[in-house]
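Asker: Just passing along the structure, written as structure tokens.
Protein chains: 2
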Amino acid sequence: MDAKILCLAVLSQGDASGYEIRKAVEDGPFGHIQDIGYSSIYPALSRLLEDGLVSVTEYAQERRPDKKVYRLTPDGRMTLLGALQEPTMPDRTRSDFLFRMLFADILPPATVEGMIDARLSEIRHCIARMEQRAQSGFDSPGEEFLNGFAMTVQRAMADYIEDNRYQLVGSALLPKRAVAE
Amino acid sequence: MDAKILCLAVLSQGDASGYEIRKAVEDGPFGHIQDIGYSSIYPALSRLLEDGLVSVTEYAQERRPDKKVYRLTPDGRMTLLGALQEPTMPDRTRSDFLFRMLFADILPPATVEGMIDARLSEIRHCIARMEQRAQSGFDSPGEEFLNGFAMTVQRAMADYIEDNRYQLVGSALLPKRAVAE
DNA sequence: GATAATTTATATCATTTTTATATATTTTTT
DNA sequence: AAAAAATATATAAAAATGATATAAATTATC
């Protein structure tokens, strides 16, 4: 259900092929808050086509699979608009990193250190991308809001990790409970 | 694969039934970063049992389904420890709320307002729960780290939304482009 | 005190999503 | 010149999710 709406959302900003939808989600503003793979996109597009929510034009290409460019129909636009007004489900985060940090005291300190550094550089990379995007301007107020939101949150994350990592790695270096010696 | 590791993780903190695993994830520290439903838990437990990573004791209960309490085996504990040291996948957020905010300029202002208020109260509720937990102390340094992390991040979110909501609702109240009149 | 709602407890089914794989050419990087 | 990445669609198998079924005890509300 979600993959279909996400496809409609991307198509609302312009015609695209399945491949281009993927790219748009990955490195466009949707990327921060949604994920999608080809194996969700292609079935979703087939279904949307069946339901008359998108139309398709095939461009024959030499020695490549035909490029199928999809376009939102009026019905599709209405469906999207309707879906956007349905009540939202609570946000959720899935973090392998934090999951592991919960067990920091039973993991090798070097492993914990490595994970923290990896996560920090991931966050910094992400922030850099958003700063760049901020300079090229936004297509909508929502995009600007989202970019600012993500930057703020990511910075808060990085700061917290930097300020509190000693709690974790310190805990791994020392025995959990004082042992009489 | 993930549901199994999550079950092992919960069981590493004490024996539990499927039902109790669900509860532990939902309102324990895992809740911030993982989700799991019964339809993932029960198959996962069956599989873990097959693989010898957990053992089970059935407690017959009058007029209720037997309660099956699962316990980590030494093999299970090693598997968990191994899984925790595997490289982490990038964190990801799925936000219905932010997705809708991307389209704030084409949604009715009242709808946008409502969504923002709903999200803010959700966040505040979440922060309150974490503050409470902070007072009752933590079982591990990881838990304390995670709780602090989540509080910091949620506060940053709430602050950003409060400070910037006018960008969205303002944009919905006024026409996107100045129209000559 | 009676009724309604929630909690306890397990489980399956249908749908959706994800991960991995297949194929094949062009463009870019090294 | 060779290797890697981008372009482009698609499917199969595995896993996760949401909905539903069942049933009684406990708690909350009127």
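Protein chains in written order, with this note's numbering: chain A, 1 to 181; chain B, 1001 to 1181.
Note that CB positions come from ideal geometry on N, CA and C, so glycine has one too.
It should be emphasised that the depicted structure is a prediction, and the values quoted were computed from it without experimental measurement.
1) Any idea what DSSP makes of E20 (chain A), helix, strand or coil?
2) Do D1096 (chain B) and M78 (chain A) come within 8 Å of each other at the CB atom, strictly closer than that value?
3) Helix, strand or coil for L107 (chain A)? Go by DSSP, reduced to three states.
4) For the segment 1145 to 1171 of chain B, list every residue whose C-beta sits within 7 Å of some C-beta in chain A, in sequence order.
5) For the segment 1097 to 1110 of chain B, list every residue whose C-beta sits within 8 Å of some C-beta in chain A, in sequence order.
6) So is D1105 (chain B) buried or exposed if we call it buried at 16+ other beta carbons inside 10 Å?
7) Give a yes or no on whether the minimum CB-CB distance between E131 (chain A) and chain B is below 8 Å.
8) What does H1125 (chain B) reach in chain A if we use C-beta pairs closer than 7 Å?
9) Near M130 (chain A), which residues of its chain fall below 7 Å by C-beta distance, leaving aside the five closest residues on each side in sequence?
10) Leaving out five residues before and five after G137 (chain A) in sequence, what residues of the same chain have Cβ atoms less than 8 Å from its Cβ?
11) Can you give the Cα-Cα distance for A1180 (chain B) and G82 (chain A), rounded to whole angstroms?
12) Please classify S55 (chain A): does DSSP put it in a helix, a strand, or coil?
13) Answer yes or no: does any C-beta atom of chain A fall closer than 8 Å to that of T1093 (chain B)?
14) Should A178 (chain A) be flagged as near chain B, meaning a C-beta pair shorter than 8 Å?
15) Residues of chain B with CB closer than 7 Å to the CB of I33 (chain A), please, in chain order.
16) Can D159 (chain A) and T1093 (chain B) be called in contact, C-beta distance under 8 Å?
17) Any idea what DSSP makes of V179 (chain A), helix, strand or coil?
18) Taking the alpha-carbon of H32 (chain A) as reference, which of A:R133, A:D163 and A:R47 has the nearest alpha-carbon?
19) Report the rounded CA-to-CA distance for S17 (chain A) versus L1102 (chain B), giving the unit in angstroms.
20) Just the chain B side, please: which residues come within less than 7 Å of Q85 (chain A) by C-beta, in chain order?
21) Taking the Cβ atom as the reference point for each residue, do V54 (chain A) and T73 (chain A) lie within a distance shorter than 8 Å?
Answerer: Reading from the atomic positions:
1) helix
2) no
3) coil
4) F1145, L1146, G1148, F1149, T1152, V1153, A1156, M1157, Y1160, N1164, Q1167, L1168 and S1171
5) F1097, L1098, F1099, R1100, M1101, L1102, F1103, A1104, D1105, I1106, L1107 and P1108
6) buried
7) no
8) Residues of chain A passing the Cβ test: none, with the nearest at roughly 10 Å.
9) N147, A150 and M151
10) none
11) Note that A1180 (chain B) scores 44 on pLDDT, short of 50, meaning its location in the model is unreliable; the coordinates nonetheless yield the value given after this. Each residue's Cα considered, the two are about 30 Å apart.
12) strand
13) yes
14) Summary for A178 (chain A): the model assigns pLDDT 43, below 50, so the residue's position carries little reliability; its value from the coordinates is reported in the next sentence. By this cut-off, A178 (chain A) is not an interface position.
15) T1093, R1094, S1095, L1098 and F1099
16) no
17) Note on V179 (chain A): pLDDT 40, under 50, position unreliable in the model; no value is reported.
18) A:R133
19) 21 Å
20) L1107 and T1111
21) yes
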